[in-house]
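Chemist:
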Amino acid sequence: MKIWSDSVSDGSRLREEYAFLKPHNTHHAELGKNRNPNFAWGEMPEGTKSLVMVMHDTDAPTSRDFVNKVGKMVPYDYPRTEFYHWAVVDLDTKTFIQPGEFSKEVTVKGKPGPAGARGTRMAINDFTEWYKGNVAMEGTYSGYDGPAPPWNDEKLHNYIFTLYALKEKRCPVEGNFTCKDVLNTLTGSGLVLDKATLKCTYSLFPKAR
330 MKIWSDSVSD
340 GSRLREEYAF
350 LKPHNTHHAE
360 LGKNRNPNFA
370 WGEMPEGTKS
380 LVMVMHDTDA
390 PTSRDFVNKV
400 GKMVPYDYPR
410 TEFYHWAVVD
420 LDTKTFIQPG
430 EFSKEVTVKG
440 KPGPAGARGT
450 RMAINDFTEW
460 YKGNVAMEGT
470 YSGYDGPAPP
480 WNDEKLHNYI
490 FTLYALKEKR
500 CPVEGNFTCK
510 DVLNTLTGSG
520 LVLDKATLKC
530 TYSLFPKAR
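According to the working numbering, the sequence shown is numbered sequentially starting from 330.
So, in structure tokens, the structure goes:
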């Protein structure tokens, strides 16, 4: 099973047009175009009936103690955890993902879900929890929302796009589900025939970039 993209080169820096936040010269960061990248695939396992796409950051700080605070830094060796940016299920195996198909811009307070483009369903991503208590941004964020690492983080963040081949046409998650619900459902279920990944990096911190 293979995955490729004109938008994302494996191991390279993700372009700013696919980010939730982009660098700014005077006030650290500003909203980006937040378009989802394009993806194509091939050499599907026999019996593949649908696909699931998941994107996550492997380097999110475990605490907000120093995040985006003037005069503070998130040190390189700070404890890290995963942050989920996107999960879309019930993808047709024959129709590739087009750039901007699932997200064309930042939607303040979040895009609605779970219904997505051409019969897909979108998970609630981790921006929902991140923006709780932020009056300007709080809401339910479904679908794709790109990188927004802390602008004062010394560490270059790594982002992984994972495509799963399923032997069922419909992923067995229901209602308003999260990215982690998708992964928990797939783990040990026997539904996954194969998977493929693309990795990229992104940072708002000048030295990390």
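Where a beta carbon is used, it is the ideal one built from N, C-alpha and C, also for glycine.
#1: Select from 356, 376 and 382 the residue whose C-alpha is nearest the C-alpha of residue 366.
#2: Name the residue from 342, 413 and 473 whose alpha carbon lies nearest to the alpha carbon of residue 427.
#3: Taking the alpha helix (DSSP H) that residue 386 falls in, what are its first and last residues?
#4: Using a Cβ distance threshold of 8 Å, determine whether the region 440–456 contacts the region 506–516, with at least three qualifying pairs required.
#5: Under 8 Å Cβ to Cβ from residue 488, same chain only, skipping five residues before and after it: list those, please.
#6: When DSSP labels each residue in this structure, what does residue 439 get in the three-state scheme?
#7: Among 378, 374, 408 and 375, which has the Cα closest to the Cα of residue 486?
#8: Below 8 Å, how does it come out for the region 369–377 and the region 427–445: are there three or more Cβ pairs, yes or no?
#9: List the DSSP bridge partners of residue 495.
#10: Which first and last residues belong to the alpha helix (DSSP H) in which residue 509 is found?
#11: How far does the beta strand (DSSP E) with residue 412 in it extend, from its first residue to its last?
#12: Quick check: the Cα distance between residue 440 and residue 468, rounded to an integer number of angstroms?
#13: Restricting to runs no shorter than 3 residues, where is the beta strand (DSSP E) found entirely within the region 445–499?
#14: Taking residue 518 as the reference, which of 378, 497, 346 and 526 has the closest Cα?
#15: Excluding five sequence neighbours on each side, which residues of the same chain lie with their C-beta closer than 7 Å to the C-beta of residue 418?
#16: Look up residue 405 in the DSSP assignment and say whether it is helix, strand or coil.
#17: I'd like to confirm the pairing. Which residues does DSSP put opposite residue 359 in its beta bridges?
#18: Do residue 424 and residue 377 count as a contact pair if the criterion is CB distance below 7 Å?
#19: Does the distance from the CB of residue 491 to the CB of residue 516 come in under 7 Å?
Modeler: Reading from the atomic positions:
#1: Here residue 366 refers to the residue found at position 37 when the sequence shown is read from its first residue. Nearest C-alpha to residue 366: 382.
#2: Translated into the one-based positions of the sequence shown, residue 427 becomes position 98. Selected option, being the one with the closest Cα: 473.
#3: Locating residue 386 in the sequence shown gives position 57, where the first residue counts as 1. From DSSP, residue 386 is part of no alpha helix (DSSP H) but of the beta strand (DSSP E) over 379–390.
#4: yes
#5: Looking up residue 488 in the sequence shown gives position 159. Excluding positions up to five away in sequence, the list reads 343, 384, 385, 386, 387, 414, 476, 528, 529, 530 and 531.
#6: Reading the sequence shown from its first residue, position 110 is the one you call residue 439. Residue 439: coil per DSSP, three-state reduction.
#7: Counting from 1 along the sequence shown, the entry for residue 486 is found at position 157. The shortest Cα separation from residue 486 among 378, 374, 408 and 375 belongs to 408.
#8: No contact exists between the region 369–377 and the region 427–445.
#9: The residue labelled residue 495 in the question sits at position 166 within the sequence shown. Answer by DSSP bridge pairing, in chain order: 379 and 521.
#10: Residue numbering aside, residue 509 sits at position 180 when the sequence shown is read from its first letter. Taken as a continuous stretch (DSSP letters only), the alpha helix (DSSP H) holding residue 509 covers 508–515.
#11: Within the sequence shown, numbered from 1, the residue matching residue 412 stands at position 83. Unbroken beta strand (DSSP E) run through residue 412: 409–420.
#12: Taking the first residue of the sequence shown as position 1, residue 440 is located at position 111. Taking the first residue of the sequence shown as position 1, residue 468 is located at position 139. Those two C-alpha atoms are separated by around 9 Å.
#13: 486–495
#14: For the purposes of this step, residue 518 is taken as residue 189 along the sequence shown, with counting starting at 1. Nearest C-alpha to residue 518: 497.
#15: Locating residue 418 in the sequence shown gives position 89, where the first residue counts as 1. Taken in chain order, the residues that qualify are 381, 449, 450, 500, 502 and 511.
#16: Numbered from 1 along the sequence shown, position 76 holds the residue referred to as residue 405. Three-state DSSP puts residue 405 in coil, outside helix and strand.
#17: In the sequence shown, counting from the first residue as 1, residue 359 sits at position 30. Beta-bridge analysis with DSSP links residue 359 to 351.
#18: Here residue 377 corresponds to residue number 48 of the sequence shown, with the count starting at 1. Here residue 424 corresponds to residue number 95 of the sequence shown, with the count starting at 1. No, the Cβ-Cβ distance between residue 377 and residue 424 is not below 7 Å.
#19: In the sequence shown, counting from the first residue as 1, residue 491 sits at position 162. In the sequence shown, counting from the first residue as 1, residue 516 sits at position 187. Not closer than 7 Å, so no.
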